[in-house]
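The block underneath contains the structure these notes are about, expressed in structure tokens.
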Amino acid sequence: MGDIEYGKCDICGKEANLNRTYYEYDIKCSCHSPNHFELVCHCNSCVPTEPTETKITIRTDVLKELAKNRTKKLERILNEK
Numbered sequence: 872m873g874d875i876e877y878g879k880c881d882i883c884g885k886e887a888n889l890n891r892t893y894y895e896y897d898i899k900c901s902c903h904s905p906n907h908f909e910l911v912c913h914c915n916s917c918v919p920t921e922p923t924e925t926k927i928t929i930r931t932d933v934l935k936e937l938a939k940n941r942t943k944k945l946e947r948i949l950n951e952k
């Protein structure tokens with residue numbers, strides 16, 4: 872507790888004491904728990920911004936289940952019309 876992180880700022884690239892800002896997403900993934908998040912390490916001079924891209928890791932069996940459920944939902948919507 873009270874440790875200061877030192878390293879390269881994700882925004883300006885300068886070596887400095889860093890702050891951490893987390894951007895959390897309501898996506899269950901295999902790389903973080905319980906939800907996916909992105910971490911931006913930034914110096915005091917920089918204002919953190921949400922990353923424009925993110926990569927998530929999802930087990931293949933979970934991905935297949937998501938795709939199957941999405942297809943079923945789309946079929947239900949089309950059949951209602």
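Take the sequence shown: its letters are residues 872 to 952, numbered as in my numbering.
From the three backbone atoms N, C-alpha and C, an ideal C-beta is built for every residue, glycine too.
Quick caveat: nothing in here was measured; it's all calculated off a predicted structure.
Cβ neighbour criterion (16 or more within 10 Å) applied to residue i
i, result
"Cys914", "buried"
"Cys883", "exposed"
Residues near residue i in its chain [Cβ-Cβ closer than 6 Å; skip 5 each side]
i, result
"Glu876", "Leu889"
"Thr925", "Glu909"
Own chain partners of residue i with C-beta closer than 8 Å, once the 5 adjacent residues on each side are dropped
i, result
"Leu937", "Ile929"
Between the CA atoms of residue j and residue i - distance to the nearest angstrom
i, j, result
"Val933", "Cys900", "9 Å"
"Ala887", "Asn940", "47 Å"
Bridge partner(s) assigned by DSSP for residue i
i, result
"Gly884", "Bridge partners of Gly884: none, in fact."
"Arg947", "Beta-bridge pairing links Arg947 to no other residue."
"Tyr893", "Leu910"
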